[in-house]
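Enquirer:
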Amino acid sequence: MAKEITSREENYSQWYNDLVVKADLADNSAVRGCMVIKPYGFAIWEKIKDQLDKMFKDTGHVNAYFPLFIPKSFFSKEASHVEGFAKECAVVTHYRLKNDPNGKGIVVDEDAKLEEELIVRPTSETIIWNTYRNWIQSYRDLPILINQWANVVRWEMRTRLFLRTAEFLWQEGHTAHATQEEALEETMKMVNVYADFAEQYMAVPVLRGSKSANERFAGAIETYCIEALMQDGKALQSGTSHFLGQNFAKAFDVKFTSKEGVQEYVWATSWGVSTRLMGALIMAHSDDNGLVLPPKLAPIQVVIVPIYNKAEQLQLLTEHILPIKKQLEAKGITVKFDDRDNYKPGFKFAEHEMRGVPVRIAIGPRDLENKTVEIARRDTLEKKVYPVDQITDVVVNLLDEIQQNIFNKALKFREEHTYKTDSYEEFKEILDTKGGFILAHWDGTSETEDLIKEETKATIRCIPFDAPEEAGKCIRTGKPSNKRVVFARAY
RNA sequence: CGGGGUGUAGCGCAGUUGGUAGCGCGCUACGUUCGGGACGUAGAGGCCGGGCGUUCGAGUCGCCCCACCCCGACCA
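In terms of this note's numbering, the first sequence opens at residue 1 and continues consecutively.
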């Protein structure tokens with residue numbers, strides 16, 4: 001393992017790249033824009049996935065699976081939807097290869113051209129609503145509350161591990177409802193599920209709000225989102241929940257007979273979070289020593305490092321350590337006993353720090369003698385010695401404390417980097433010098449948002465649900481505004 | 001898709017006026033070490049991104065590809 005990563009101060013984006021690779025989370029692959037998620041990174045994703053899946057099921061959803069390929073004709077049925085995704089679709093045109101007649105390896109068999117080209121899904125609304133048409137006849141068939149865990153492809157020009165890759169993993173919920181109210185309620189419910197997950201499990205504080213028309217999902221009437229602030233002052237959209245109205249029902253002719261015997265179009269929502277959450281998790285908490293993981297999502301919560309110089313000593317320590325490991329595991333804690341004999345303790349300390357293991361316990365001959373252990377926490381790097389019989393309580397409390405502490409730290413950071421301004425000059429200065437969220441008045445038009453984006457690279461991240469009514473003037477045009485919205489430069 | 005950069009051992013890099021390939025880390029074996037990234041000795045590992053050309057001879061010079069990285073535009 002390499003010894004160091006670039007510091008955040010020196011080069012934040014290089015720091016991120018180094019961290020992802022050195023913490024063993026992911027690698028660039030042989031395929032442009034596509035990443036290999038390594039076992040340790042995938043273990044974190046699995047924790048994220050398991051928890052979210054539980055939360056989806058607790059709110060009445062079930063999982064299903066729809067095809068990777070979507071007929072091109074489906075895609076073009078919803079006009080704004082196709083427009084939003086057309087520029088980044090991978091297209092399958094042939095279904096067979098053959099040996100090159102000139103003997104130069106293998107080539108596409110031109111005789112095997114598909115009659116209708118297939119799009120590799122960038123999202124599944126179209127194939128799903130085409131399917132729902134067959135499933136829905138009566139109000140009694142509603143609601144349909146389905147989620148799928150899948151991979152999708154968006155052919156991005158410029159990619160970064162986890163934050164933007166050509167292929168990524170995500171979940172997409174697609175629900176169908178009899179009424180607008182119910183669909184709106186679902187949209188709100190799910191953005192709240194995302195927010196709760198981000199704050200309670202990822203320890204990342206998020207703003208909840210609506211997207212402006214510019215930032216809205218292609219094909220949606222309304223997009224709700226959660227927005228997090230990264231340590232470099234840039235915003236990261238971390239989850240979205242869309243109210244799709246009857247757009248897809250109309251495009252795919254999905255109607256149901258109401259209680260009153262009237263044919264009506266179905267109301268829809270869709271919502272998703274992706275492996276991008278990994279990016280949020282990494283950037284929100286980590287430091288120049290490597291990853292810092294919230295205990296609730298850490299694949300390894302506690303690592304035990306034995307310190308010894310003779311084989312017999314390791315034997316003795318192992319006999320001592322295994323019961324401690326068991327005792328912690330009995331409390332539901334994930335423990336790794338790092339008894340590799342080809343690395344020195346110092347190396348192991350550094351390695352587990354790089355990988356963000358929340359708690360480290362070191363035990364050596366001195367501890368055996370004194371009946372103590374040394375416990376170090378990753379978030380603050382503090383080390384303390386405790387009597388061995390207090391280990392379980394100390395560790396249980398410490399894990400909670402770390403979870404809480406990194407959330408508080410991230411919240412404090414966000415509060416310190418949230419500014420209110422009514423001056424466009426100051427607005428630009430904040431963006432250039434400090435970054436962060438800026439609360440400012442906006443006249444509500446796309447044109448103004450475009451103008452601000454062009455001039456400052458900042459976009460409206462969201463219109464917070466809890467934004468107080470406040471009369472003011474648009475920061476760019478001076479036109480009247482009744483609340484402040486959140487601007488930031490974003491990933 | 002524009003601008004810049006880089007392709008030489010698993011990784012990071014050096015390689016002079018063209019003469020047949022090197023360093024560090026890592027890896028393997030053995031020994032000594034082990035409370036914050038150990039050390040010694042001995043090894044293994046290369047179609048120098050690809051093609052075409054110039055030349056007696058190309059990692060090195062020329063042309064053409066390809067890939068990746070960084071910065072913009074676009075996007076979750």
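In this text, a Cβ means the ideal position worked out from N, Cα and C, and glycines have one as well.
(1) Could you tell me the boundaries of the alpha helix (DSSP H) in which M188 lies?
(2) Taking the C-alpha atoms as reference points, what is the distance between L114 and Y95?
(3) Below 8 Å between beta carbons: does that hold for L291 and A23?
(4) For a test of the three-state rule: what should DSSP assign to G209, helix, strand or coil?
(5) What ranges does the beta strand (DSSP E) occupy inside the region 317 to 352, keeping only unbroken runs of at least 3 residues that lie completely in it?
(6) Quick one: what's P464 bridged to in DSSP?
(7) Leaving out the 5 sequence neighbours to the left and right, which residues in its chain are closer than 6 Å to D58 when beta-carbon positions are compared?
(8) Counting along the chain, where does the alpha helix (DSSP H) carrying R360 start and finish?
(9) State the Cα-Cα distance for the pair N289 and S481, rounded to the nearest angstrom.
(10) Buried or exposed for Y65, please, with buried defined as at least 16 other CB atoms from any protein chain shown within 10 angstroms of its CB.
(11) According to DSSP, simplified to helix, strand and coil, what is A26?
(12) Taking the continuous beta strand (DSSP E) assigned at F243, which residues delimit it?
(13) By how many angstroms is the C-alpha of A298 removed from the C-alpha of I361?
(14) Hey, is the region 476 to 490 in contact with the region 432 to 442, meaning 3+ C-beta pairs nearer than 8 Å?
(15) Provide the residue span of the alpha helix (DSSP H) that contains K457, from first to last.
(16) Taking the Cβ atom as the reference point for each residue, do G504 and H417 lie within a distance shorter than 8 Å?
(17) How would you label P468, buried or exposed, when you count the other beta carbons within 10 angstroms and need 16 or more for buried?
(18) Work out the CA separation of G33 and R378 for me, nearest whole Å.
(19) On the three-state DSSP scale, how would you describe D287?
(20) Between Y40 and S13, what straight-line distance do the alpha-carbon atoms span, to the nearest angstrom?
(21) Which same chain residues, not among the five before or five after E199, have their C-beta less than 8 Å away from its C-beta?
(22) If you pair each beta-carbon of the region 145 to 155 with each one of the region 171 to 178, do three or more pairs fall below 8 Å?
(23) Just to confirm the assignment, what range does the alpha helix (DSSP H) spanning V394 have?
(24) Could you tell me which residues DSSP pairs with I375 in its beta bridges?
(25) Answer with buried or exposed for M1, where buried requires no fewer than 16 other C-beta atoms within 10 angstroms of its C-beta.
(26) Roughly how far, in whole angstroms, is the beta-carbon of D422 from the beta-carbon of G472, given that I think they are within contact range, below 8 Å?
(27) Can you tell me where the alpha helix (DSSP H) with G41 in it begins and where it stops?
(28) With a 10 Å radius around its C-beta and 16 neighbouring C-beta atoms as the bar for buried, classify I475 as buried or exposed.
(29) Are A178 and M230 touching if we call contact CB-CB under 8 Å?
(30) Taking only the alpha-carbon atoms, compute the straight-line gap between T93 and L118 and give it to the nearest angstrom.
(31) If contacts are defined as beta-carbon pairs under 8 Å, then F69 and V153 qualify, I think. What distance do you get, rounded to the angstrom?
(32) Leaving out five residues before and five after K457 in sequence, what residues of the same chain have Cβ atoms less than 8 Å from its Cβ?
(33) Smallest Cα separation from V302: which of W155, V357, A330?
(34) So which of E401, K420, T372, D141 has the shortest CA-CA distance to F437?
(35) When the Cα atoms are used, what is the spatial distance from A183 to S7?
(36) My guess is that V20 and I282 are in contact by the Cβ rule of under 8 Å, so how many angstroms apart are they, rounded?
Expert: According to the data block:
(1) Sequence index remark: in the first sequence, residue 188 carries index 188 (1-based). M188 -> alpha helix (DSSP H) spans 180 to 200.
(2) Here residue 114 corresponds to residue number 114 of the first sequence, with the count starting at 1. Here residue 95 corresponds to residue number 95 of the first sequence, with the count starting at 1. The straight-line gap from Cα to Cα measures roughly 7 Å.
(3) Counting from 1 along the first sequence, the entry for residue 291 is found at position 291. Counting from 1 along the first sequence, the entry for residue 23 is found at position 23. Yes, they are a contact pair.
(4) On the first sequence, residue 209 is found 209 positions in, with the first residue counted as 1. Of the three classes helix, strand and coil, the one that applies to G209 here is strand, per DSSP.
(5) Entirely contained in the region 317 to 352, the beta strand (DSSP E) runs reaching 3 residues are, in chain order, 335 to 337.
(6) Numbered from 1 along the first sequence, position 464 holds the residue referred to as residue 464. In DSSP, P464 forms a bridge with G209.
(7) To locate residue 58, count along the first sequence from 1; it is residue 58. Cβ within range, chain order: n/a, list empty.
(8) For the purposes of this step, residue 360 is taken as residue 360 along the first sequence, with counting starting at 1. Per DSSP, R360 belongs to no alpha helix (DSSP H); it is in the beta strand (DSSP E), 359 to 363.
(9) For this step, residue 289 is matched to residue 289 along the first sequence. For this step, residue 481 is matched to residue 481 along the first sequence. So the alpha carbons of these two residues sit roughly 45 Å apart.
(10) The count along the first sequence starts at 1 and reaches residue 65 at position 65. Exposed, by the Cβ-count rule.
(11) In the first sequence, residue 26 corresponds to position 26, counting from 1. Reduced to three states, the DSSP call for A26 is strand.
(12) Along the first sequence, one-based indexing puts residue 243 at 243. Secondary structure note for F243: its beta strand (DSSP E) is the uninterrupted segment 235 to 245.
(13) Here residue 361 refers to the residue found at position 361 when the first sequence is read from its first residue. Here residue 298 refers to the residue found at position 298 when the first sequence is read from its first residue. If you take the alpha carbons of I361 and A298, they lie about 16 Å apart.
(14) Three or more beta-carbon pairs separated by less than 8 Å link the region 476 to 490 to the region 432 to 442, which places the two stretches in contact.
(15) Locating residue 457 in the first sequence gives position 457, counting from the first residue. For K457, no alpha helix (DSSP H) segment is defined, and its DSSP state is neither H nor E.
(16) Absent from the model: residue 504. The displayed extent of the chain is 1 to 491, so no value can be given.
(17) Mapped onto the first sequence, residue 468 falls at position 468. P468 is exposed by the Cβ-count criterion.
(18) For this step, residue 378 is matched to residue 378 along the first sequence. For this step, residue 33 is matched to residue 33 along the first sequence. Each residue's alpha carbon lies about 32 Å from the other.
(19) Along the first sequence, one-based indexing puts residue 287 at 287. Of the three classes helix, strand and coil, the one that applies to D287 here is strand, per DSSP.
(20) In the first sequence, residue 40 corresponds to position 40, counting from 1. In the first sequence, residue 13 corresponds to position 13, counting from 1. Looking at the two C-alpha atoms, the distance is approximately 21 Å.
(21) Here residue 199 refers to the residue found at position 199 of the first sequence. Taken in chain order, the residues that qualify are P205, V206, F407.
(22) The region 145 to 155, when compared against the region 171 to 178, does touch it at the 8 Å Cβ threshold.
(23) Your numbering for residue 394 matches position 394 in the first sequence. Start and end: 391 to 416.
(24) Start at 1 with the first residue of the first sequence, and residue 375 comes out as number 375. According to DSSP, which records beta bridges pairwise, I375 is partnered with I361, K384.
(25) Working through the first sequence from its first residue, we reach residue 1 at position 1. Residue placement at M1 is flagged as unreliable, the pLDDT there being 39, under the threshold of 50; the coordinate-derived value follows with that caveat. Around the beta carbon of M1, a 10 Å sphere encloses fewer than 16 other beta carbons of the protein chains shown; the residue is thus reported as exposed.
(26) Here residue 422 is taken as the residue at index 422 of the first sequence, counted from 1. Here residue 472 is taken as the residue at index 472 of the first sequence, counted from 1. The Cβ separation is near 7 Å, so the contact holds.
(27) Mapped onto the first sequence, residue 41 falls at position 41. It spans 39 to 58 - the alpha helix (DSSP H) in which G41 sits, taken as one unbroken run.
(28) Stepping through the first sequence from its first residue, residue 475 is reached at position 475. When all chains shown are included, I475 counts as buried.
(29) Translated into positions along the first sequence, residue 178 becomes position 178. Translated into positions along the first sequence, residue 230 becomes position 230. No, they are not a contact pair.
(30) Here the question's residue 93 lines up with position 93 in the first sequence. Here the question's residue 118 lines up with position 118 in the first sequence. Roughly 7 Å separates the two Cα atoms.
(31) Here the question's residue 69 lines up with position 69 in the first sequence. Here the question's residue 153 lines up with position 153 in the first sequence. F69 to V153, Cβ: 11 Å. No contact.
(32) On the first sequence, position 457 is the one that residue 457 refers to. If we look at K457 and ignore the five residues flanking it on each side, its Cβ neighbours are L431, R489.
(33) Taking the first residue of the first sequence as position 1, residue 302 is located at position 302. Relative to V302, the option among W155, V357, A330 whose CA is nearest is V357.
(34) Indexing the first sequence from 1 puts residue 437 at position 437. The shortest C-alpha separation from F437 is found at K420.
(35) Taking the first residue of the first sequence as 1, we reach residue 183 at position 183. Taking the first residue of the first sequence as 1, we reach residue 7 at position 7. A183 and S7 have their alpha carbons spaced roughly 46 Å apart.
(36) For this step, residue 20 is matched to residue 20 along the first sequence. For this step, residue 282 is matched to residue 282 along the first sequence. The beta-carbon separation of V20 and I282, rounded to 7 Å, stays under the 8 Å limit for a contact.
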